[in-house]
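Student: Residue numbers for the sequence shown follow this note's numbering, beginning at 3 and rising by one.
All C-beta atoms in this analysis are idealised placements derived from N, C-alpha and C, irrespective of residue type, glycine included.
What you are looking at is a predicted structure, and each value in this text was computed from that prediction instead of being measured.
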Amino acid sequence: MSKPKSSRSRAALDESALCQFSFADGRACRMLRQADHPSLCVFHARAERQLLESDRLGSELAASLTGGFMTATDINFVLGKLFKAIAQNRVPPRIAAHLAFVAKLLLQSLDKLKTEYCFQYKYEAWKSMERDAITLSEPPKLIPPGEKPLPASAESFAAQLLSRIPEPEVPLNS
């Protein structure tokens with residue numbers, strides 16, 4: 003009686019070397035785990051980094067000079083950070099268009115806001131707010147810390163990946 007054939011290749015027998023990402027339908031990713039990530043392949047680790055970066059970038063963009071969007075200076079400051087993030091390719095064009103539209107609505111509502119609130123800042127207070135304002139952080143590196151850049155050719159990349167896979171143990175016949 004022969005053993006049933008496994009649907010997995012020899013290279014993927016070691017589960018610890020595989021990505022642990024599960025799709026919505028229950029399937030598991032079969033890519034090799036990224037060397038510096040504890041559980042994900044290159045593609046899913048990149049998606050995870052992008053998700054974490056988008057949360058951080060969103061909170062940075064939402065921080066204005068005064069903590070509100072009650073002055074044109076506040077809105078202009080946030081638009082400047084948005085412009086920088088777009089130039090660094092950290093914000094997709096569609097999202098940037100939506101944010102710019104919201105900024106336009108905020109600017110149009112300032113006249114109504116001025117009739118509700120009578121306030122104005124002295125020049126020194128305004129300069130202090132500008133000096134203490136949190137600027138946009140640097141974009142994340144394309145290559146995660148501690149990781150080497152990808153090899154130049156596909157053959158060398160495949161050889162590098164295959165060198166990390168442990169050889170399967172061959173049972174000794176007695």
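Check whether the segment 159-168 and the segment 32-39 are in contact - that is, three or more C-beta pairs closer than 8 Å.
Tutor: These segments touch.
Student: Of the choices A102, L63, T68 and G60, whose alpha-carbon is the least far from that of Q130?
Tutor: The sequence as given places Ser at residue 130; Gln does not occur at that position. Among A102, L63, T68 and G60, the Cα nearest to that of S130 belongs to T68.
Student: In this structure, what does DSSP give as the bridge partners for S111?
Tutor: For S111, which the question treats as bridged, DSSP gives no partner whatsoever.
Student: Using a 10 Å radius around the Cβ and a threshold of 16 neighbouring Cβ atoms, would you call L101 buried or exposed?
Tutor: Burial call: buried.
Student: With H, G and I counted as helix, E and B as strand and the rest as coil, what does DSSP make of L138?
Tutor: Coil at L138, not helix or strand.
Student: Is it buried or exposed for D76, if we count other Cβ within 10 angstroms and need 16 for buried?
Tutor: With 16 or more Cβ atoms within 10 Å of its Cβ, D76 is classed as buried.
Student: Count the other CB atoms within 10 Å of the CB of F71; is the residue buried (16 or more) or exposed (fewer)?
Tutor: The residue is buried, with at least 16 neighbouring Cβ atoms inside 10 Å.
Student: If you draw a straight line from the alpha carbon of C43 to that of D134, how long is it in whole angstroms?
Tutor: Going by the C-alpha atoms only, they are around 40 Å apart.
Student: H39 to L54, Cα distance in whole Å?
Tutor: So the two alpha carbons sit approximately 15 Å from each other.
Student: For Q162, which residues from the same chain have a beta carbon less than 7 Å from its beta carbon, with the 5 sequence-adjacent residues on both sides left out?
Tutor: These residues qualify, in order along the chain: P153.
Student: Can the beta-carbon of P141 be found closer than 8 Å to that of R96?
Tutor: No, Cβ-Cβ distance for P141 and R96 is not below 8 Å.
Student: Residues in its own chain within less than 8 Å of R58 by CB, not counting five upstream and five downstream?
Tutor: S139.
Student: Indicate the three-state DSSP secondary structure (helix, strand or coil) for S8 in the structure shown.
Tutor: In this prediction, S8 scores a pLDDT of 49, lower than 50, which makes its location untrustworthy; the coordinate-derived value is nonetheless stated afterwards. In this structure, S8 counts as coil in the three-state DSSP scheme.
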